[in-house]
Each structure stands twice: as C-alpha cells, then as structure tokens.
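So the sequence shown is residues 0 to 216, counted in numbering that gives the first Met the number 0. Where a beta carbon is used, it is the ideal one built from N, C-alpha and C, also for glycine. Remember, predicted model here, so these are calculated numbers, not experimental data. A quick write-up on the structure given underneath.
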Amino acid sequence: MPTLAEDLLLLLLDDDSGKLITDGTSTDHALAGAVLVDLVAAGRVAEDGGKLHVMDTASLDEPVLEAGLARLAEKAPAKPQRAVEALTKHVREAVLEALTGRGLIKQEKDKVLGLFPRKTWPAVDSAHEDSVRAELTAALVGGQQPSERAGTLIALLHAIGVVPKVVEGDKKALKARAKEISEGDWVGVAVKKAVQAIQAAVTAAVVVASSSGSSGS
Numbered sequence: 000m001p002t003l004a005e006d007l008l009l010l011l012l013d014d015d016s017g018k019l020i021t022d023g024t025s026t027d028h029a030l031a032g033a034v035l036v037d038l039v040a041a042g043r044v045a046e047d048g049g050k051l052h053v054m055d056t057a058s059l060d061e062p063v064l065e066a067g068l069a070r071l072a073e074k075a076p077a078k079p080q081r082a083v084e085a086l087t088k089h090v091r092e093a094v095l096e097a098l099t100g101r102g103l104i105k106q107e108k109d110k111v112l113g114l115f116p117r118k119t120w121p122a123v124d125s126a127h128e129d130s131v132r133a134e135l136t137a138a139l140v141g142g143q144q145p146s147e148r149a150g151t152l153i154a155l156l157h158a159i160g161v162v163p164k165v166v167e168g169d170k171k172a173l174k175a176r177a178k179e180i181s182e183g184d185w186v187g188v189a190v191k192k193a194v195q196a197i198q199a200a201v202t203a204a205v206v207v208a209s210s211s212g213s214s215g216s
C-alpha cells in the first residue's frame, strides 16, 4: 500500500499534464508532514516536551519513510516545524521515485519553448488515486465520516489550501467541511501538530521568499 505521502502527491499531480496543481513549496511541506505522520504512526517518532524524538531507527520497508527517518534522526529532538522543514529536503524526488516504481506515474521529459528542460509525471494507472479521491469526496461532499487515513489526507490538503482543486464541489462548502474535519476527532494529535507545523513552515518560507524578492528589487 502506498505511503500517506505517495497518496498525497498523487492527488497533487494533474493526471494528464503530470504537473503539480499547487506550488512546489506547499507541496514539499505537505509531503514532509505526511512522512512525519506515518513515522509517528509507525512508532518511530514521538513527541515529548513539545519536541519530536526519534524512538527507533531500525530499517523500514518503505524507502520514502526510511529517508525521512534518517533525516529526522540528524535533527532530533526538534520542534514540529523544524522537523517538517528538515523533511522537505529531497522528499518530492523520493515520493516521485516510489510512485514511478509502483507503476502509478511515469516520468516524461520535454523542453519549454524548445529550450528549457522540463520533467512531468502523468498518471499511468489512476485506479488507486480514483479510490482515494472517491473516499475524500464522500467525506467532504457526502458528509460521511472519514477514515483516519482519509481524514489525515484532508487535513494535509487543507493545510496548504488545495481541497477545492482536488475534490469537485462548492468551494466555500468544501473549505468549511475540510476545516471541520481537520479540527475534529477524525484526526489524532500527531496529525494536528503536523498540520500546524506545515502551516507555520509554509508561512515562514513565503515570508523569506518575499523578503528576498524585495531586497533584490
């Protein structure tokens, strides 16, 4: 079964064009949050005193999680925002490689304006993604109680403001329902902390980028 980060990236890639539906900064922070949630769920990372501690560095079966655990071990103990920031490094590349290995997407190369190299990752087999999206739609539009995994995905998507781009429906209603799920009992404490860390890290990254742009102008 794909990791949480893999499911998340499938939802953030346009099936036909193979391009991200949001910016790279938000994508990487959301993927890092998903890796963090999976590591907590696996008992490899735990919070104590407001910081995240690595509890077990034994080998994992998933390359994406192994890479994340190794990176976190270098930084721990760390506050959630710091952990998410650390996990962003190379996370997208690792998840893309995992999805390609599962045969769910493929890498294509072309050139923009015939000059600038570009890589895209269109879908090869969308059956798994379709089932995930259907579950999210049932919770967000149909009012069904989401599973813990679906609730987590919704919370992560809500953290970077892309729920209306992933699920069809009234934009305002989708945002309100996603907020309700993110703050409700469907997701655990680890997910809420990861979401808060994602939001804080993305905000900080945007501020830094804006400052750099202003100083360079």
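Check residue i in the structure and name its three-state DSSP category.
| i | result |
| --- | --- |
| V63 | helix |
| L112 | coil |
| A41 | coil |
| S213 | For S213, the predicted model reports a pLDDT of 45, less than 50, meaning its position is unreliable; a value from the coordinates is still stated below. If DSSP states are grouped into helix, strand and coil, S213 belongs with the helices. |
By Cβ distance below 7 Å, which residues in the same chain neighbour residue i in space, the five residues on each side in sequence not counted?
| i | result |
| --- | --- |
| A31 | V83, L86, T87 and V90 |
| S214 | Bear in mind that the predicted position of S214 carries a pLDDT of just 47, short of 50, making it too unreliable to give a figure here. |
| T119 | S16, G17, K18 and E107 |
| K170 | P163 |
| L7 | A29, L30, A33, L152 and L155 |
Can you give the Cα-Cα distance for residue i and residue j, rounded to whole angstroms?
| i | j | result |
| --- | --- | --- |
| H157 | R101 | 26 Å |
| L11 | V161 | 8 Å |
| G187 | P76 | 21 Å |
| I197 | T24 | 10 Å |
| A33 | L155 | 7 Å |
| A189 | V36 | 6 Å |
| V201 | A126 | 31 Å |
| D22 | A29 | 11 Å |
| L173 | Q195 | 20 Å |
| D184 | D109 | 45 Å |
| D13 | A199 | 26 Å |
Let me make sure I understand the geometry here. Which of the options has the alpha-carbon closest to that of residue i?
| i | options | result |
| --- | --- | --- |
| S130 | V111, V166, E96 and V53 | V166 |
| E61 | A93, K78 and Q80 | A93 |
| A40 | H28, L68 and G49 | L68 |
| P1 | P79, A72, T21 and I104 | I104 |
| E134 | P145, A175 and D124 | P145 |
| G141 | R176, L95 and D124 | R176 |
| E96 | A172, A66 and A199 | A66 |
| K78 | D14, D184, G49 and I159 | G49 |
| H52 | L59, E73 and I153 | E73 |
For residue i, count the other beta carbons within 10 Å of its own beta carbon; 16 or more makes it buried, fewer makes it exposed. Which is it?
| i | result |
| --- | --- |
| K192 | buried |
| L9 | buried |
| L139 | buried |
| I180 | buried |
| V111 | exposed |
| E5 | buried |
| G150 | buried |
| I153 | buried |
| D27 | buried |
| E182 | exposed |
| I159 | buried |
| Q143 | exposed |
Taking 8 Å as the limit between beta carbons, can you name the residues of its chain near residue i, skipping five residues before and five after?
| i | result |
| --- | --- |
| A54 | Per the sequence shown, residue 54 should be read as Met rather than Ala. The answer, listed in chain order, is G42, R43, V44 and A45. |
I want to check one thing, is the minimum distance from the CB of residue i to the heavy atoms of the ligand GTP below 7 Å?
| i | result |
| --- | --- |
| L9 | For the ligand GTP, the structure offers nothing, since it holds no ligand at all. |
With a threshold of 6 Å on Cβ separation, who are the neighbours of residue i within its own chain once the five nearest residues in sequence on each side are excluded?
| i | result |
| --- | --- |
| L59 | E65 |
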